[in-house]
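Engineer: I am attaching a structure below and will ask some questions about it afterwards.
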Amino acid sequence: MKIRHLGISNIELASAVSSKDKLKRFDFQIMAVMHMLSERMLKGLNEQVTKELFSAYFYLGIAAYFKDSGFEGFSTWMEAQAEEELGHAIRIYDYVFERGGKVELYKIEMPKQEFESPLKAFEAVYLHEVGVTESIYKLVEIAQEEKDHATYQFLQWFVEEQVEEEATAKAVVDKLKIIGDHPQGLFMLDRELGTRVPRLRGLLIQTKE
Ligand code: FEO
């Protein structure tokens, strides 16, 4: 039986173990069929891993602000969002490995941790997500230019996710604009958003116990 794409039989493969030349040829052929990520695509994906990690840090900074301000529900929502961003980073991290690429992690900047009001904090979230969407779109364009169909396909999940991320943030901004400074409205929205459950936090606390 031939190994798919390689044109090498199992017997040849076995003998290759004892033959350096054949091993080299085998390595080369694996590289050829793996459709490696281009340098540009790899750099873009690695930068996105860092951007997603920053997103987690960004949300945690806002969670801390809300917790400090007595808005437990908003804080919980932000924590859940921070966890989701970690998931996004890992999704890309895994994909780079899967495609035979080398993951490179870059420096993460300090997130903003003070806001004038809940509205300003959620406006910052909305603007942040718009920026992430632009970044994902740039990656999609690179994938198209590099004719990297697999990465193009992989990124479609993120394209859809960003539609949801922007819409969710915008909906909260709109509600906060209607509520204005009314304590009762803020209290109700805080309670509503607090129903979102951060999953990782629960696991970490269980582990500690
Ligand atoms: Fe991973 Fe909120 O974008």
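Using the working numbering, read the sequence shown as starting at 148 and increasing by one per residue.
Don't be surprised by glycine CBs; every beta carbon is placed ideally from N, CA and C.
Would a C-beta distance cut-off of 9 Å place residue 195 and residue 333 closer than the cut-off?
Structural biologist: The answer is no: Cβ separation not under 9 Å.
Engineer: According to the neighbour-count rule (16 or more other Cβ atoms, all chains shown, within 10 Å of its Cβ), is residue 275 buried or exposed?
Structural biologist: Residue 275 comes out buried.
Engineer: With distances taken Cα to Cα, identify the nearest neighbour of residue 235 among 223, 279, 224, 256.
Structural biologist: Considering only alpha carbons, the answer is 279.
Engineer: Could you check the C-alpha separation between residue 268 and residue 312 for me, to the nearest Å?
Structural biologist: Their Cα atoms are separated by approximately 15 Å.
Engineer: Under 9 Å between C-beta atoms, does residue 330 make it to chain D?
Structural biologist: Of the chains in the structure shown, none is chain D; there is only one protein chain.
Engineer: Within the continuous alpha helix (DSSP H) that includes residue 307, where are the two ends?
Structural biologist: That run of the alpha helix (DSSP H) goes 296-326.
Engineer: Heavy atom of the ligand FEO less than 8 Å from the Cβ of residue 202, yes or no?
Structural biologist: Yes.
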